[in-house]
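Below is one structure, written out as structure tokens, with a few remarks after it.
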Amino acid sequence: MICPLPSSGIPPDDLLDLIYHYKALLIRQLYLWYRGQEAIVDHLLHRFVLAGRIFRNSERVACNADWLSNGNPAYEMAFWALLDFRDSVEYQLPGNHGITISAFTENGEYDFVSVLPGHEKSTSDVVQAQREALGQRLVIVVQNPDQIPLIAIRPVAAYCVVSPDGKTTYYTTAKEAAPCQPPTSAS
């Protein structure tokens, strides 16, 4: 007899809301967000798929088949940076109008802006136009350090380079040669 795995520790609605809000996330990201509860995450994802609530393949979960096929590169990239702050995040949500993710931590608010390759100018224009309305801790997330000089958003707390495998490296200025730690005590 197979006993159902209890979902204690992860409210099912929280996991489902996370997937719906970000449209698509990598399963590895969910495992890291709910670190130590991977079996429960798998169990809940399986139940959601059976109920037709989400879609899943070997690497990603999504709210519908289109998001599953294409993913959501900007959110997935910013979510890697958010995971560095995971232990101090009190509340997080997808942003609007150029802001990819807003997170409220024990150290204050952080706004994460993903800048996809080739979109440096357009993203800079949108975000810089509303810069005064944003928090002072702005983290620009990119795929390649060569993108950083092409970004015209000021001021920023840090630049975060996310490698294809999810490894993050932080720079405090556009000209900085050596990486730094995330600009918070939570790492």
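Using my numbering, the letters of the sequence shown correspond one by one to residues 35 to 221.
Every residue gets a Cβ at the ideal spot worked out from N, C-alpha and C, and that includes glycine.
Just so you know, these numbers come straight off a predicted model, no measurement behind them.
On the CB-based measure, 16 or more other CB atoms within 10 Å of its CB, does Gly129 come out buried or exposed? Answer is buried; the Cβ neighbour count reaches 16.
| field | Strand pairing of Val176, partner residues [DSSP] | value | DSSP, once it has assigned bridges, lists Val149, Val195 as partnering Val176.
Next item on the list: State the start and end residues of the unbroken alpha helix (DSSP H) segment that holds Pro183.
Entry: Premise fails: Pro183 is in no alpha helix (DSSP H) and is neither H nor E.
With DSSP collapsed to three states, give me the class of Ala220. Here Ala220 scores only 41 on pLDDT, less than 50, and its place in the model should not be relied on; the value that follows carries that caveat. In this structure, Ala220 counts as coil in the three-state DSSP scheme.
Notebook entry, point to check: Do Ile61 and Glu93 have their CB atoms nearer than 8 Å?
Noted result: Cβ atoms of Ile61 and Glu93: closer than 8 Å.
**Asked** Using DSSP with H/G/I as helix, E/B as strand and the rest coil, what is Ser92?
**Response** Here Ser92 sits in coil by DSSP.
### Query
In three-state DSSP terms, what is Tyr56?
Collapsing the DSSP output to three states places Tyr56 in a helix.
Segments assigned beta strand (DSSP E), at least 3 residues, entirely inside the segment 63-132:
Those beta strand (DSSP E) runs which fall completely within the segment 63-132 and span 3+ residues are 94-96, 123-128.
For Ala163, report the span of its alpha helix (DSSP H) as first-last. Counting along the chain, the unbroken alpha helix (DSSP H) around Ala163 starts and ends at 154-163.
#### Entry: CA-to-CA distance, Val176 to Arg76, given in whole angstroms
Just to set this straight, residue 76 is Asp in the shown sequence, not Arg. Rounded to whole angstroms, Asp76 to Val176 spans 29 Å at the Cα level.
Rounded straight-line distance, which links the Cα of Ala58 to that of Leu172:
When rounded, the distance between both Cα atoms is 23 Å.
Look up Glu140 in the DSSP assignment and say whether it is helix, strand or coil. Here Glu140 sits in coil by DSSP.
Give me the residue from Gly70, Tyr125, Pro107 with the minimum Cα distance to Asp48. Nearest of Gly70, Tyr125, Pro107 to Asp48, Cα basis: Tyr125.
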